[in-house]
Amino acid sequence: MIFMYKIGVVGDKDSVLAFKAIGIDVYPVIEPAEAQKTIDRMAMDKYAVIFVTEQVAVNIQETIERYNRQTLPAVILIPSNQGSLNIGMQRIKDNVEKAVGVNIL
1 MIFMYKIGVV GDKDSVLAFK AIGIDVYPVI EPAEAQKTID RMAMDKYAVI
51 FVTEQVAVNI QETIERYNRQ TLPAVILIPS NQGSLNIGMQ RIKDNVEKAV
101 GVNIL
């Protein structure tokens, strides 16, 4: 049996619309509660990867952390069209340090 997983992106409309051109499902959100509900619905709907803009993620950190403790979906923070808050890069550094024991980045 083959399982088909999906990829989606959650964030402000201007930041996420470009992803539609490459076939990624796009979910523009404005309010933090709307983002939380959208991510929860995507997780139940077999999304394997959910990209979330850093500007949205900063307001829904509990939701992001809840999914970080699970294998799927992988929630990956990306910068918005307004630039990066460096949250995503800091998470990568923290995970590498946890895995290797030293910050090699």
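Count the sequence shown with UniProt numbering and you get residues 1 to 105, in order. Here a beta-carbon is modelled for each residue, glycine too, at the ideal position from N, C-alpha and C.
Buried versus exposed, by CB contacts within 10 Å (16 or more), residue i
| i | result |
| --- | --- |
| L72 | exposed |
| I64 | buried |
| G83 | exposed |
| Q36 | buried |
| I30 | exposed |
Minimum C-alpha distance to residue i - residue among the options
| i | options | result |
| --- | --- | --- |
| I39 | G83, G23 and A57 | A57 |
| E54 | V10, Q82, I78 and S15 | I78 |
| I22 | K6, I76, A43 and I30 | K6 |
| A74 | N59, S80 and M42 | M42 |
| G11 | M4, K20, A18 and Y27 | Y27 |
| Q70 | I50, N81 and S80 | I50 |
| A48 | Q61, I76 and N86 | I76 |
Run of the beta strand (DSSP E) containing residue i, from where it starts to where it stops
| i | result |
| --- | --- |
| I78 | A74 to I78 |
| V26 | D25 to P28 |
| G11 | K6 to G11 |
Residue-level contact to chain C via CB, residue i, 9 angstroms cutoff
| i | result |
| --- | --- |
| A74 | In summary, chain C is missing from the structure at hand, where a single protein chain is found. |
**OP:** Would you mind listing the beta strand (DSSP E) stretches within the segment 34-78 that are 3+ residues and don't spill past its ends, in chain order?
**Re:** 47-53 and 74-78
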